[in-house]
Structures are given as C-alpha cells and as structure tokens.
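Novice: Below you'll find the structure I mean.
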Amino acid sequence: MDKPTEILELEEYYGISLTESSSSFQNNSYSLNENHEIVGLNLSKCQISEISILKDLVSLTILKLGENKISDISSLENLVLLTNLNIENNKISDISILEKLKLLTNLDLGSNEISDISSLRNLTSLDSLALRNNQISDISDLANLVNLRSLNLWINEIFDISVLANLKNLTTLYLWHNKISDISSLENLKLLIILDLGFNKISDISILEHLTSITSLDLSRNNIMDISFLENLTSLTSLELSGNQISLINCLKKLEKLNTLRLSDNPVFDITPLKYLKKIKKISLNNIASNDFQILGQLTSLEELFIASNDIYNISFLGDLTDLKVLNLGKNNLSNLDVLRKFKKISKIFLNDNEILDLEQFQFIVNIDSLFITTNNNPCFDGYDVEFELDKNHYDLVLNLIKKIDEEKKEYVLPTKVLLLGNTGCGKSTLLDYILQDINPKMFKNNLESTHIIQVETFPKKIKKNIIPEAVFYDFGGQDYYHGLYKAFLSNDSLNILLWDSQNDKNQIRKDRNEQLTRDYDRNYWLYQLKFQYSNSKKLNSTENTEPIILIQTHADNELVNRETYIGDCNNFNIINEFYLSFNSTAIKNNKTLDIGLRYFEETLNEQIKQKQIVKYEPIWYKDFLNYILRSKRKSYIRLEDLGLEYKRESDKNNYLLPEVLREIAQTGLILYYKDDADLKDIVWLNPTGIIEDIHNRILSKDIIKKNRGIINQEAFDKIIKDDKVIKLLINQKVIFLDEYDNNYIIPGYLPLTEEEDKLYELLTFDFIEPNFVMKFEYFLPFGLINQLVCFYGKNRNKKHYWRDQLLFTKDNSKILIKLDFTNLEISISIKSKDDSKKIDKLQQEIFKDILDIYWDKTYEVKHKDIKEGNINIEDINSENLIDSRLKANVYNESINYEFVSPDDLYISIDNRYFVNHKDLENKNKTFNKIMSFGLKIKNETQNNKEIEIRRLDKNSFKEKATGLFKNFTNNKNAENMKKIFISYAKENKREVNEFQKQIAPFKLTKEVETWHCSELELGEDWESKIKKKFYEADIILYFISSDFFSTPFILDEEVKRGIERNNDPNDNVVLIPIILEKIHWEDLLGKYTSNFKGKPINSYEISNNVWYEIVDDLKKHHFRKTNPESTSGILGQSKEKMKAQEDSIS
C-alpha cells in the first residue's frame, strides 16, 4: 500500500525514510488505524529542530521525538488526541502548550531545560511522567496528578517533596540526585514498589517502615546511620545502601528475599547478619570496615560478589561459592589465588592492585573461555615488558605470558629504539641517512626530501634472515601538523635525539623550504613534551629519570651561529650529552673540530644503542617471527590468517594469541595493528614507513586535497582511496576524521592557518571581542592537541569552521571559538550566547573538562560512557541500573564526581590579563576565598612578516583575586561555595534593603556572595514558586525586623517559620540573622539567633551608612570570607605583610 501523503511530505522535509509499523517503538516509523489515518509517529534521533510540519497530524495518539534538537513545541497544541508523548533529550524549556493535551497518559520530558512545570497541573489522566535531568526545584504543581503510577524526577534541584503525599497511586518513584532531606511525605504511599532516593541529603528513614510493598529501594549516597527501620520491608529484593554512615546491619537478617545488596563505602564492621540471606545472588561490600569476610562462604547462591579495597589477604573462604560469575577482588593484598581454580562459571574477575608475586597464580584462567580479567599493578608483571590498558580485558595478555613459561627460550638482544625529533628542516633526515650509510667514508647528502609523517629504518638497513638489528630509528616529520602522530610511536626504553638550530629555536610561524607555513618550537617545548609523554605512560615518580636525550645543535659550520649549551636542568630531562654539529661534508673535511665532534657523536650514539638494548629470554619462535616483521617491505596490509603461517608457535597452534602478540609489538611502534578495532583486527601493517609513504604519495599529495584546503567531500575522498581499511587507519591515527553531519572528511594537517584566511576569519569572528577564559601553559601543549580538538568538536551537529590552529562551532544557542596560540602556549575560549549566565557557566565547565580530558589523552570518544577508577565502583555497571537506556553510574560519574587533574604548568584567566595557577586553585588546603594571580610580560615580535604579541607570565606582577571568579574551573569547594543570601523584609523597609545592597555590592562583584529579595521578581513570573526556590537555596537568611515585618502573614508563615524549621534540621547549615531596624519585641520568635549590635536598632544610630558597613563587615568576617583557622601565613601561604601590600582587586 502507498504511503500517506503526509508521510511523503515528512520524508522530503526531513530528508529521512519512514516505514510503516504495527507500533511506533522503532525509530523512523509510523502506524495507521483502520481508516488509514496516522495515529503513531516515531521521529527520534532524526536531528530535528523544527516541528511545525506536524501541526496538522491531528489524529496522532502516539508521538516520539526524543534525542533531537527541538526547543519550540508550540506546534503540538492542536494534537489533542495524544495519549503518549516522548520529547526527551531536546532543548525544551517552555512546555506551556502541554496544558491543552488533556488526554495524555504517558509523558516523557526527560533531559531538557525545564524549570516551570505549572502547565502540567491539570493533566489528570497522566499515568506515567518522566521529568528527569531538568532544572526543576518546585513540584507543587503535581498535586492534582492523583492517577500517576510512575514518576521520574532524577537529577533536578528539588528539596520539598511534600506534594507527593497526594499521589497515593504511585508504584514507581525516582528521586535520585536532588536536594531532599525530609521524606516524611512518602509515609502513606503504600503502593510503592520501586523507590529511588539515592544521592540526596537524607538521614532519617524511619517512615519507610510503613512502605511494606517496596521490592526495590535505593538509599545510596546519603547521610544515613540508622537502618533498623528497614526490617519490616520483607518484600525487598534489591537494596542499595552504598556511600552512607551505616555501621550496624542487624536488621538485614530479616530481609530473606533479598537478591541484591550493596553496602560499599560504609563503616560496617560486623557482616555476620548476612549469613541469613540464603537466597542472595549479588553483594557489594567494597571499602567497608570489616576485617572478617569468612561468613560470605556460607552464601552459596552468590553469583556476583564485590569485596574490593578491603585489605584482604586470604580468600580461601570463597571455596564453596562455585556459582560465582562476577568477582571483584581488586585493591586488596592477595598473593595466593589457588581457590579460584574451583570457579568454572566465572565470566568476569577483577584482580588488579594486589600483591601477586608469581605469574603461575593466574594459571586458573587457561581453562576458562570468554573470561574478562583485570590484573594490572601486581608485582609478578614487573619483569615483563608489557603495558596494561586500563578498563580493558587482560586475558590474552596474561595467557600469552603463561604460555611462554613452558616454552623453550633463548637469549635475544632486542633492538634499541632511537627517535629523531625536532622542527622541520633541522636535519633529522640528513642525519639518519648519514648514520645508515654502509660506505666509508660516509657523506652528508644535501637537499634530501623532508620526511612526511614518519620514516622507520633498521640499523643496519639491510637485515639478514634470522638476525635482529641493533637499532630501529624513527625519523618524525617536523611539520607541526604531524605532531599528533608522535604519541603512537613514543614508548619507554627509547633513546631520543633532539635536533635544533638557533635561528628557529622559538615558538613561531614561518615558511618551510616548500613555502608552506609551519610552526617551530623551542627546546623547552620539546623537552617538557617528551618528559610529559614518557612520565604519563610510565607513571614515573618525580625523582625518576625519563628516557635519555641527546641534544644536537646544527649548523656548526655557519660562522654567524654561536654554540649555545642548554641552561636548564639537564638532570630533570635526563640530557646525557650535547653536541654542536655540521651536516656539511665539505666543511667537516676542512675543519678538524667539526670532524672530531661528529666522530664523538657517532661513538656516543653507538655506546648508547648498546646500553639501551634489552636482553630477553624469549621463546625460539619469537625471534624468527620478529625478524620476519622487521624484514618486511610490503606497503599494504597482510591478513592475520596469512601472517599466521610465519607464527610458528607450538603452544598456540590455533593462533588464538596471535592478536595479543601483535598488540604488544604494535606498542613499540614496529607495526600498525588495532586489536580492539572491529574493522581492523584481522589485518596488520608490518611496514609503517611503507604504508605512510604510500598514503602520502598516493593520497595526501593529491591536488584535490590541497585545493580544498583539508576539507573534502566524503564521496570524492572514497574515490581517491578506494580502501575502507586505509581510511579507518587514517581515522585511528587522527590524520583525518569524518564530519558525518556535513559528509566531509577533515584533514587537520592540510587546514589553513588563520594567517592564510585573514578576511574570512575576521568575517566569521568579528563579534568575539575578549575570550571568556584562557588556559595558559608555561612550557608546552601536548602533541596533536589541535587534531584532537578538531576531531572532537568537529562531530558537533551544528555549523562549524576549521583552521589548523582554531575551531569555530555552534552548540545550542551559543557560538564558540577555540583558539590555540602555540607561540604563547595558550588556549582561549570565547563564547557568544543568547543563554543566561547560568547556562554559559555550565558550557564553560563542559569545554574546560573536555580540553583537560583531551590533554590527558582520555578516550574522549566515549567520555560519557567512561567509569573512572576511584569515582564509582565497578558493580554499578550492570543491567539492573539501566533506566531509559542510561547507566545511573555514568550520570553519577559524569555530573558529580568529575576529577580535575591539573597539569603542572596550567594557569587560568577570566580577564586575559591575570592568571591563577590551576594546581593552587584545586588545593583546598591552600586556597580559600582568595588566590594570587600573576600578570604578563608583553613584547612585540615580527613573525612571517606579521607583528605579534609575545606574552609570558610575570611572577613579579601579582594581584589577589576572589576564588569564586574561577568556580567554573575547579572542584575546590572554597571557590565554589559562593554564599547565597535571602533577604526577608516588608515592602515598607525597601530603603534599608537598598542601603544594605550598596555596602555588600563589592562582594557580589567578586562572586563571594549572591543576594536575592522579592523585588527581583520579573513580570509574569510565578512569584510563590520563585520565592520558595530562592529561600531554600539560601545559605544565609537575613530578617529585616520591623513592625511592618511582623504585620505581614506571608513572611511569618513562609519565611520565618520555614527558616526556623531549616535551622532545626541537623543536615541543614542555614544561618538565620535578624537585623533589627527599629524598636520592637522580636526576641520571643527569633531571640535565639544573634542579631546586629546585640539587638540595638539601626534607627537609633545617627549615621546609618556606618551601621550598614559594620553589618556587612561582620558578615564578611564570619560567613563568607574565612581564612584557614590553622594557617599562620595568610590565605595563600605568603606572609601577611606581603598580603597587605597587595591591592585587593575586584576586577
């Protein structure tokens, strides 16, 4: 049957294809009734932003528009027959039209930007309502929705849930991650089956004893100590209690139906009551106070057990738990794993961070198929040259090592890895060619072609069969756009030769000999870069040396060049020698000093190659296999099934471990192999230089790529390469990436610099004046950062424009410019937005986090799925925590426990003039309300015929700044904790409020306080809801006491009474301060709270301005500007005398 006309119009309008379905559960589908009217439509995940075309589909009863870019839903007002509406994961803030959709029974508004839900108050037919992940604080408008059975209010700002007492038909209630402390209103919700109260501020759970129908209860991450009230909840099958202050668990022995129990991160000492839970299948006891886990051996029905981080030495008590499928023993003190041989059903086991000394302890894995195991950070692996990938399965790696134990071995000397690094044109390729010559005398060849990306050569160049070379040289292309590839080849146990010439020993832009613009970097940039890369991969202590470095200054034959030795700390970088060399054979022949210097370098190189060679006892097959790889000259890839013919390993006749062997070899940079890539896991490139040369000559040098300046249509690019495997290789190496929304391949290395597109750049960025914030680094930016930024933000669905040093893109209502200034080692972020300041703050936080993730080379492609070690327990990753296809664990990790890891040399500025050290900003023991910022030394310099600013930090120019100004860039609560002041007053006292506001204004400018009073209500705003929201957010409530104050019923009932209730709550730290304006009997109601001047009225003073100054000064000293009481050297650690000498700057 033909599609309805309306469907054809939708397909053309949105550029999609829709299929008819009996239901609307699958994406891009529609359903018809017997009259062939469209009654169901699913347009989820279609990148839709505008939906006016839907306004005439008045027969719709089911409509799904989730995961799009919709902000305006006014077009839905005529769809009055709708019973099921899903518009989750959009950008919706105004839902007022929903009040017209009276027939709705199922409504999903999750993950939008909603704060006002008043339009829902009369949707009394609703059976299921999802409002998770919004900005809701007031839910009083839900009072009439008495037919609701399911309500999801995850991740909002709700503190008062008293209205829920009306919703007696609720069976499912999700309140995870709000600001709730009082749950007494839930007492009569007798039908509740699922209740989620995790991540709130709850301490008293006594009312739960009445909710005996509950089968699933989440109380994790609260302030609960007493759980005795749970003993009556005998229907419970799942109980989440992690992250509280629970020590006694006697009540649990009555919960015999429990299937899942999570008690991690509690001070539980005695776990004996658990022995009564005979039916339990899943228990989590990570990081508790008990030192006796023997009782667990009686729970023979267990299938999942988590007992990490408990200092356990002996696990023999697990012997009878043979049904275990998942076992977390990480971060204990285990050395003996014999008991694990009994576990035949195990599918996942965590043994990382223990004290296992003998590799043969892992012998139990040999007979277990499809096992996931983590084993990193155990001493038995210290003698092996293996690299563990965190969060990956280590099964193949460990099995490979176990197999080698019984294989016949022979001593081998493995080749030294030698890296040639430096700016383009510094002589790397010339030197390598000289080193590899097997003639005598050797001659330097002039005008060799520059290396493109990387050249890998063995020494000697020609390898005989069954011989392993002495060294493998890696000559990296010096052009800045190749730097991103260095990380793929950098590894420990290498020798580094850094070449430089004095003319280009600085951070600058210049034209290379092919008239292409490129960037140079000074020696410090290279040295700190190498130290960072090696230290990060090896996790060195500060006292350990990185890999050795030989410095070579070139052009020694130039009479205008003087020798310059490195004046920094050579030991810090492990610089073992410096040379001043000429690569001109004629000059060397005529100058004995140059000749002696070259010979000495050659002797030093040979000596270092011998020192860095690693002697290993490897199986006999390994030498032959490695020799085959090193002699391979093929430019194309080889399939593993063909390579397997050369992998002659008796203990692995089925070649099961061949991928793991290749993964380990790939980590050295000798081959290109991607074991975990589904598209590439069955092939390997044995000759990286060959494939890279082929790619450059056959693909990247094409005129069409140069003409299009690094941006080429996907179809045209596919025609050039004609090989999906090579395309995937280039994507993995971050040489290219696919912009799926514009159908273009982006080649960052061929993008223009902004200097090459001055007019276009000015046109696109003219409205950006000053950056919102600047990240400044003292020494270096990591290799390939711009490539990664382009690849990351280039995936944004909205409009963007790329340069080789900048990225302009839009996100929601904001236009964002990220500029990398390699000359000054700065990343500046500018945002132009129509959003309010709160949303801009959130966007700044997000971009800052993204850049730090990329800096540390986290797997940002799956950042939102990443569970970072230490922030959340691995047991949180299971199907039971899946709600709406999301892991609660992920939300917890991403939005709550993000950890800023500060680079040593990172400084932050919000005015582009003064910069604060990020490590200091994060240090809660050092930084409180104020932090020292440093100015700049600025000079002008001409580069590439253009005058630019050279900006360096000036540690002698400093100003004190309020830490609140930097709250978007830190987890330091001293910075984030801007005090919120609520002013309660009668309208007749507005003049006094204004006087107070004048005096406290300087501290509002420095983000130390925020004030609010009812005069700030906007026209048409729900005044009661807004007052209540601001009242419950306040840290300090000021009562402006007068006769008019006590004559205002709303103030007494809602602000004074509720304030006293808050103050009496032990979990609420609100401060109540009466400000006595005139003589009145106020003590009976508020006398227990300290007032101004011991209750003396302000109107009794002659000069009121001085009075308000004293009041604000007292607030400052005692409530929002506190120094560390244990500190004797001021807020920032410097002398108080020096502190007083500095200007207290607001700007």
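All letters in the sequence shown, in the order written, are residues 1 to 1147 by UniProt numbering. A virtual CB, placed ideally from N, CA and C, is assigned to each residue, including glycine.
Can the beta-carbon of H555 be found closer than 7 Å to that of D501?
Specialist: Yes, the Cβ-Cβ distance between H555 and D501 is below 7 Å.
Novice: Would S111 and N133 be called neighbours here (beta carbons separated by less than 7 Å)?
Specialist: Yes. Within cutoff.
Novice: Compute the distance between the beta-carbons of S137 and E113, then report whether it is under 7 Å.
Specialist: No. Outside cutoff.
Novice: Comparing C-alpha positions only, which one of D522, I731, I596, K979 sits nearest to N824?
Specialist: Here the closest residue by C-alpha is D522.
Novice: How long is the line joining the alpha carbons of L63 and N86, rounded to whole angstroms?
Specialist: Cα to Cα, L63 sits roughly 6 Å from N86.
Novice: Which same chain residues, not among the five before or five after P1097, have their C-beta less than 7 Å away from its C-beta?
Specialist: Within the same chain, P1097 has close Cβ partners I1076, L1077, E1078, K1079.
Novice: Going by alpha carbons, who is nearest to N951 out of I938, F958, K648?
Specialist: One detail in the question is off: residue 951 reads as Arg in this sequence, not Asn. If we check each option's Cα against that of R951, I938 comes out closest.
Novice: Determine the burial state of V891: buried for a count of at least 16 other Cβ atoms within 10 Å of its Cβ, exposed for fewer.
Specialist: Bear in mind that the predicted position of V891 carries a pLDDT of just 42, short of 50, making it too unreliable to give a figure here.
Novice: For the alpha helix (DSSP H) that contains R599, what are its first and last residues?
Specialist: Here the alpha helix (DSSP H) through R599 covers 592-612.
Novice: Take the Cβ of A986 as the centre, count every other Cβ of all protein chains shown within 10 Å, and call the residue buried at 16 or more, exposed below.
Specialist: By the neighbour-count rule (16 or more Cβ atoms within 10 Å), A986 is buried.
Novice: Between which residues of its own chain and T565 is the CB-CB distance below 8 Å, once the five residues before and five after are set aside?
Specialist: Answer for T565: E578, listed in chain order.
Novice: So for I908, helix, strand or coil by DSSP?
Specialist: Three-state result, I908: strand.
Novice: Looking at the unbroken alpha helix (DSSP H) that takes in F625, where does it start and where does it end?
Specialist: Taken as a continuous stretch (DSSP letters only), the alpha helix (DSSP H) holding F625 covers 620-631.
Novice: My guess is that L1052 and N1063 are in contact by the Cβ rule of under 8 Å, so how many angstroms apart are they, rounded?
Specialist: Contact flag wrong, Cβ pair sits at about 15 Å.
Novice: Using the three-state DSSP reduction, which class does residue 1168 fall into: helix, strand or coil?
Specialist: No answer is possible for residue 1168: the residues shown for the chain start at 1 and end at 1147.
Novice: Across the segment 239-247 and the segment 258-271, are there enough close Cβ pairs to call them in contact, namely three or more that are closer than 8 Å?
Specialist: With a cut-off of 8 Å, the segment 258-271 and the segment 239-247 count as touching, because enough Cβ pairs lie within range.
Novice: When you compare the CB positions of N266 and I283, do they come within less than 7 Å of one another, or not?
Specialist: Result no, Cβ atoms of N266 and I283 do not sit closer than 7 Å.
Novice: Excluding the five sequence neighbours on either side, which residues of its own chain have a C-beta within less than 7 Å of the C-beta of H1119, listed in chain order?
Specialist: Same-chain partners within the cutoff: K979, I1036, V1071.
Novice: Looking at C-alpha atoms only, which residue of E34, G690, W1108, S93 is the closest neighbour of D835?
Specialist: If we check each option's Cα against that of D835, S93 comes out closest.
Novice: Do Q845 and N989 have their C-beta atoms closer together than 7 Å?
Specialist: Cβ atoms of Q845 and N989: not closer than 7 Å.
Novice: Take N90 and list the residues in its own chain whose beta-carbon comes closer than 6 Å to its own, dropping the five residues that flank it on each side.
Specialist: Only N68, I70, N112 meet the Cβ criterion.
Novice: Quick check: the segment 159-179 against the segment 197-208, are at least 3 beta-carbon pairs closer than 8 Å?
Specialist: Touching, yes.
Novice: Quick check: what's the CA-CA separation for N504 versus S636?
Specialist: Each residue's Cα considered, the two are about 37 Å apart.
Novice: Please work out which residues of its chain come closer than 7 Å, Cβ to Cβ, to F717, disregarding the five sequence neighbours upstream and downstream, and give them in chain order.
Specialist: Excluding residues within five positions, the ones whose Cβ falls inside 7 Å are Y745.
Novice: Between K168, V726, I736, which has its C-alpha nearest I786's C-alpha?
Specialist: When each option's Cα is compared against that of I786, the closest is I736.
Novice: Output the residue ranges of the beta strand (DSSP E) runs that lie fully inside the segment 225-309 and measure 3 residues or longer, sorted by chain position.
Specialist: Here the runs fully enclosed are 238-240, 260-262, 282-284, 304-306.
Novice: Are the beta-carbon atoms belonging to L337 and I307 less than 7 Å from one another?
Specialist: Going by C-beta atoms, L337 is not nearer than 7 Å to I307.
Novice: Pull up the DSSP beta-bridge partners for A962, would you.
Specialist: Partner(s): K930.
Novice: In this structure, does DSSP put H210 in helix, strand or coil?
Specialist: Three-state result, H210: helix.
Novice: Leaving out five residues on either side along the sequence, give the residues of the same chain with a beta carbon under 7 Å from the beta carbon of F317.
Specialist: Cβ within range, chain order: F293, Q294, L296, G297.
Novice: Skipping 5 residues on each side, what residues in its chain have a beta carbon closer than 6 Å to that of V774?
Specialist: Closer than 6 Å at the Cβ level, and outside the excluded window around V774, lie E826, S828, S909, N912.
Novice: With DSSP collapsed to three states, give me the class of R341.
Specialist: Three-state DSSP puts R341 in a helix.
Novice: Using a Cβ-Cβ cutoff of less than 6 Å, which residues in the same chain neighbour F996 once the five nearest sequence positions on both sides are dropped?
Specialist: Answer for F996: W1108, listed in chain order.
Novice: Under 8 Å by Cβ, that's how I've got N929 and A962 pegged, so tell me the actual separation to the nearest angstrom.
Specialist: N929 to A962, Cβ: 6 Å. Contact.
Novice: Under 7 Å, do N310 and N333 count as touching if we go by C-beta distance?
Specialist: Their beta carbons are not under 7 Å apart, which means N310 does not touch N333 by this criterion.
Novice: Taking Cβ positions, are Y434 and K442 nearer each other than 7 Å?
Specialist: Yes, these two residues count as a Cβ contact at 7 Å.
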